[in-house]
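Encoded as structure tokens, the structure appears first; notes follow it.
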Amino acid sequence: MDIQTPDRLVRLAVDLVNTHSRTPEQLTTPADVREFLLEHGEADPIELDEGDLVAVREVRERIRPVFHADPAAAARTLNELLAEYAVRPYLSDHDGSPWHLHVAKPEATWAEWLAATTALGLSSFAAGHGFGAVGVCAAVDCERVYVNPAERRPRRFCSPTCSSRTRVASYRARRAEG
Ligand SMILES: [Zn+2]
Ligand SMILES: [Zn+2]
Numbered sequence: 244m245d246i247q248t249p250d251r252l253v254r255l256a257v258d259l260v261n262t263h264s265r266t267p268e269q270l271t272t273p274a275d276v277r278e279f280l281l282e283h284g285e286a287d288p289i290e291l292d293e294g295d296l297v298a299v300r301e302v303r304e305r306i307r308p309v310f311h312a313d314p315a316a317a318a319r320t321l322n323e324l325l326a327e328y329a330v331r332p333y334l335s336d337h338d339g340s341p342w343h344l345h346v347a348k349p350e351a352t353w354a355e356w357l358a359a360t361t362a363l364g365l366s367s368f369a370a371g372h373g374f375g376a377v378g379v380c381a382a383v384d385c386e387r388v389y390v391n392p393a394e395r396r397p398r399r400f401c402s403p404t405c406s407s408r409t410r411v412a413s414y415r416a417r418r419a420e421g
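Taken in order, the sequence shown gives residues 244 to 421; the numbers are from my numbering.
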């Protein structure tokens, strides 16, 4: 349960929200959550039960509005999550790991850890890039979220796929009209 780079925390937040948008639920069992955590750099032992699964999904739904809301509401949501889940940050080199920051309480559940770290990641990201760099895909039938660290290149889509299918659709619509 470590914090490494800020980028990693933002990725964790985006990927967590995108485990369920309009797509089928990806977190259907505790094993799915474990797989998600392993894919995002956490190490075994990762033990989760049905209660953890429910709690992780609840955290996900509390983070989701940050991507949809206006900046003031998004900031309020993040501040609430930080107040509820984050503790005073502290450095640790437990288990022979290099020195790193912890922001969740030592006995945190995985859901609490996800709440604290993703809220911190999104807060730092928004503070650095503005809430304009945090958004929801503009493509029809897609509600995946994204962050855009490339400030000079505005972004509206979650992926090149959504960007190009939107372009193709509007081209066809124009041809149909013309
Ligand atoms: Zn640690
Ligand atoms: Zn999309």
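Even glycine gets a Cβ: it sits at the ideal position worked out from N, Cα and C.
Inset, instruction - For L321, count neighbouring C-beta atoms within 10 Å of its own C-beta (all shown protein chains included) and say buried if the count is 16 or more, exposed if not. - result: buried
Legend entry - Residues surrounding ligand 2 [beta-carbon distance to nearest heavy atom under 6 Å]: C380, A382, C385, R387, F400, C401, S402 and C405
Inset, instruction - Can you tell me which of the three DSSP states H345 falls into? - result: strand
Inset, instruction - Would you check whether ligand 1 has a heavy atom nearer than 7 Å to the C-beta of S413? - result: no
Legend entry - C-alpha distance - I289 paired with R277, whole-angstrom precision: 6 Å
Inset, instruction - Assign G371 to buried or exposed, taking buried as 16 or more other Cβ atoms, counted over all protein chains shown, within 10 Å of its Cβ. - result: exposed
Inset, instruction - Give the range of the beta strand (DSSP E) segment to which V397 is assigned. - result: The identity of residue 397 in the sequence shown is Pro, whereas the question assumes Val. Segment: none, P397 is in no beta strand (DSSP E) and carries neither H nor E.
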